[in-house]
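Written out below as structure tokens is the structure these notes cover.
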Amino acid sequence: MTTATAPEAIRASGLRVTESRAAVYAALSALPHASADEVYSAVVDRIPHASRQSVYNALNDFADAGLARRIEPAGRSMLFELRVGDNHHHLVCTGCGRVEDVDCTVGHAPCLHPSDDHGFEVASAEVTYWGRCAECAAAATSHP
Ligand SMILES: [Zn+2]
Ligand SMILES: [Zn+2]
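Given below as structure tokens:
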């Protein structure tokens, strides 16, 4: 997906490279669709003195700079990912919360058009497919 190193990617998005930003970027590369708390746990493994606030700030800076994308499945904590700009969608498991990427149906935004656009120039459509992942479906079948 991305071949740039963390400092290169951060700098390319116009942000200053700091130790916590580099660690947050590395954590997000390893954990697509991570919540802020999951990113924080991964960062603390590498930088024990990292503060929760510095991790949250880095995530918000990344999202504001277009380096990361925030996804907010209804009723779940906000998730962050580095895959941006390709208008992809998500499958979310209602059982275990697993999230998978799904390529855009058409390849560019908006890939869905409302039946009535009320005069809007529609720029994007975010699609979340809800269902059970294969493991949760299998577990439900074996333990009804
Ligand atoms: Zn599941
Ligand atoms: Zn994604």
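Just remember that the numbering used here sits 36 ahead of the position in the sequence shown, which is counted from 1.
Beta carbons: idealized from backbone N, C-alpha and C, even for Gly.
Please return the same chain residues whose Cβ sits closer than 7 Å to the Cβ of residue 49, not counting the five positions on each side in sequence. Only 101, 102, 103 meet the Cβ criterion.
Are the beta-carbon atoms of residue 51 and residue 97 separated by less than 8 Å? Yes, Cβ-Cβ distance for residue 51 and residue 97 is below 8 Å.
Contact test: residue 171 Cβ vs ligand 2 heavy atom, cutoff 7 Å: No, ligand 2 has no heavy atom inside 7 Å of this Cβ.
Helix, strand or coil at residue 87 [DSSP, three-state]: Residue 87 falls in the coil class under three-state DSSP.
In chain order, each alpha helix (DSSP H) run of at least 4 residues that lies wholly inside the stretch 75-131: Within the stretch 75-131, the complete alpha helix (DSSP H) runs of at least 4 residues are 88-101.
Out of 72, 105, 99, 78, which one is the CA nearest neighbour of residue 89? Of 72, 105, 99, 78, the residue nearest in Cα terms is 72.
I need the boundaries of the beta strand (DSSP E) containing residue 141, first residue and last residue. Residue 141 -> no beta strand (DSSP E), and no H or E assigned at all.
Let me confirm a value: residue 79 is counted as buried when at least 16 other C-beta atoms fall within 10 Å, else exposed. Which label applies? By the neighbour-count criterion, in which 16 or more other beta carbons inside 10 Å mark a residue as buried, residue 79 falls on the buried side.
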